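Residue numbers (the working numbering): -15 to 462. Data block below; observations after.
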Amino acid sequence: MRIIRIKISICIALAVLLETVAFSQSIDSVYYTFINEGDVLTACQDVIEEDSCYYAFTQNIIDPIAHFSTLLKYDKKLNLIHKKQLMLGDSNMIVKVLPTKDAFWCFGSIRTDRSDKVFSVKLNKNFDVMHQPTLYYLEDTIDYGVVDVIMNEKNQFVLLMYGMQNELMLLDSTLQVLKTNKLDAYSYCCSIEEFQGNYIVDLGRFLFIIDKDSLSIIDTVKTDILCIHPVGNLLKLNDSVFIRSADFSNSTPEVFERDMAILFYNKQFEVFKQVQVGQVGYFDEYGYSNLDFITKDSIYYAYSTRLSSPSIPVEASSVSIACMNEKGEKHFDYQFNIPEDLNTVKRICGIIATSDGGCLVHGISIRYTYEGSNDTGQFKGFLLKYNPQWQKASITELPKQYEIAVYPNPASNQIVISGNEVQMLDVFVYTITGQKVKQVVVNATQTTIDVNDLSVGMYILKINTKQDILTRKVQIIK
């Protein structure tokens, strides 16, 4: 099998709203990789960053019985460096990977004659298996699956999985079972996090507070949020605050719309802040593990935006990324339409904040089969790397030539570009892949540009002035 890699290195795309002369040439960058394994269904399940590289773990499904896992190593621009099939036995799929100094600890599911079983395995830094996978609940006939795994301060693993109901399992550093506890609830929306000296297990409508030593349930908190359904993963910001995402209807008689919200919880498990995200006028859908940060000024949230009407089968969706700080102040909320992968549905498996200040989204690109179409039905993996440059500038007093405003933003019919007292010469409009779609001669301090003929998505304005060449972002909606 071969991998067909489509890489888009955006040189002009996604240019930043400049704040200093020093960074007047700084631009955002987007890189996209489409993982195509031919007839094998492929999902990019987990990604980790290590030694300035990204390691993508894919699930590969040949048929309902035969599954296997593959490692793909990429550089910062998503150029493929190495590929390796992980030899873990028949019909295995890695779901979660935790890196340590000398090993990678992997957790997933193995299909047996009796049912699906949860397994764990330790790999060395060359991704060779250090011992045979450890399987749990071999005698049971029900299916088990991994939901989330964390490592505590004792180098033990706390595994959240589902069977007949959700269950916690504590493993030692050799992956042997120390304790288990069944939770009287069942939900696919779940994650686990340490908070206030205990574990929080997020099961959607309920938060379970778990004692770290005994794994016993201390308390159960019902998340009674009107008209909002919790989705995605729970994420601790500090010792007093954690966040999670939720979706809610924002429909009108004219538009069927669903948006997202980031909910901020205090240590009494009360929501004290709600930050709405989502593309205006569109039906937004959640990702499975959709929140991450390295610095609290850049909390990234990934979701998908449906591009077709919800009254017909889902035909296409795009990746959307929002970013905010720990106070809930949004930096941006963008939709990414990649021309080489437009007519597919994006399922977000996860997002990681990267060491260079950006983020990397991974998941599944699905092309459905429709009656009367030539589509064959495909599941392919994808990676989208985004590096916003806005965070590199911090000067608040701007030179006059940078006081150029673009409004409304988002826009649907026209945009106004106001240069205050700055004389603008020309304005060029580019797609995020660098294709020029408009050029307007201005020779004035203000102009209006008709954008009715532009497709939905993000565009870059390149503004020529007598002093410099400036760039601005604008989002087009319909």
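Virtual Cβ for every residue (Gly too), placed ideally from N, Cα, C. Note that the coordinates shown come from a computational prediction; the quantities given were computed from them, not determined experimentally.
Under the three-pair Cβ rule at 8 angstroms, the stretch 151 to 161 counts as touching the stretch 184 to 202. PRO372 sits in coil when the DSSP states are folded into three classes, being neither helix nor strand. Straight-line spacing of the CA atoms in TYR285 and PHE316 works out to 10 angstroms. Scanning THR158, LEU221, ASN436, ASP452 for the CA closest to the CA of GLN459 turns up ASN436. Counting only runs of 3 or more residues that sit fully inside the stretch 111 to 177, the beta strand (DSSP E) segments are 129 to 135, 141 to 146, 150 to 155, 161 to 166, in chain order. One alpha carbon belongs to LEU445, the other to LYS457, and they sit about 6 angstroms apart.
Counting the other CB atoms within 10 Å of its CB gives TYR272 a total of 16 or more, which places it among the buried residues.
For SER304, DSSP records a beta bridge to TYR287, GLN319. For LYS420, the enclosing beta strand (DSSP E) covers residues 420 to 428.
Rounded to whole angstroms, the separation of the alpha carbons of PHE141 and LEU162 is 10 angstroms. Closest in alpha carbon position to GLN263, among GLU310, CYS307, GLY365, PRO394, is PRO394. LYS67: member of the beta strand (DSSP E) spanning 64 to 70, first to last residue. Closest option to HIS51, judged by alpha-carbon separation, among ILE332, ASP186, PHE179, GLY73: GLY73. Annotation: SER288 to SER229 spans about 13 angstroms, alpha carbon to alpha carbon. The straight-line gap separating the alpha-carbon atoms of ILE278 and ASP410 is approximately 39 angstroms. Bounds of the beta strand (DSSP E) holding PRO83 are 76 to 83. The C-alpha of PRO323 lies about 13 angstroms from the C-alpha of VAL329. In the three-state scheme derived from DSSP, where H, G and I count as helix and E and B as strand, ASP325 is classed as helix. Residue nearest to ILE336 within the set VAL81, ILE461, GLU21, LYS68 is VAL81 (criterion: CA-CA distance). Annotation: the continuous beta strand (DSSP E) that includes LYS206 extends over 201 to 206.
Here the alpha carbon of MET77 sits roughly 5 angstroms from the alpha carbon of GLN43. DSSP places ARG228 within a strand segment (E or B) once states are collapsed to three. By the 16-neighbour rule on beta-carbons within 10 angstroms, SER233 is exposed.
The beta-bridge partner set that DSSP reports for VAL400 consists of TYR391, THR432.
In the same chain as GLU137, and ignoring 5 residues on each side of it, no C-beta atom comes closer than 8 angstroms to its own.
Between the alpha carbons of CYS28 and SER402 lies a distance of about 43 angstroms. Taking all protein chains in view, the Cβ of LYS61 is surrounded by fewer than 16 other Cβ atoms within 10 Å, so the residue is classified as exposed. The Cβ atoms of THR455 and VAL406 do not sit closer than 7 angstroms to each other. Burial check for GLN362: the Cβ neighbour count within 10 Å reaches 16 or more, so the residue is buried.
For ALA50, there is no enclosing beta strand (DSSP E), as DSSP gives it neither H nor E. Looking only at ILE348, ILE305, SER339, ASN222, the smallest Cα-Cα distance to ASP325 is reached by ILE348.
Nearest C-alpha to ASP243 among ILE305, PRO117, TYR443: ILE305. Ranked by how close their Cα comes to the Cα of MET135, the residues ILE45, GLY129, LEU144 have LEU144 in first place.
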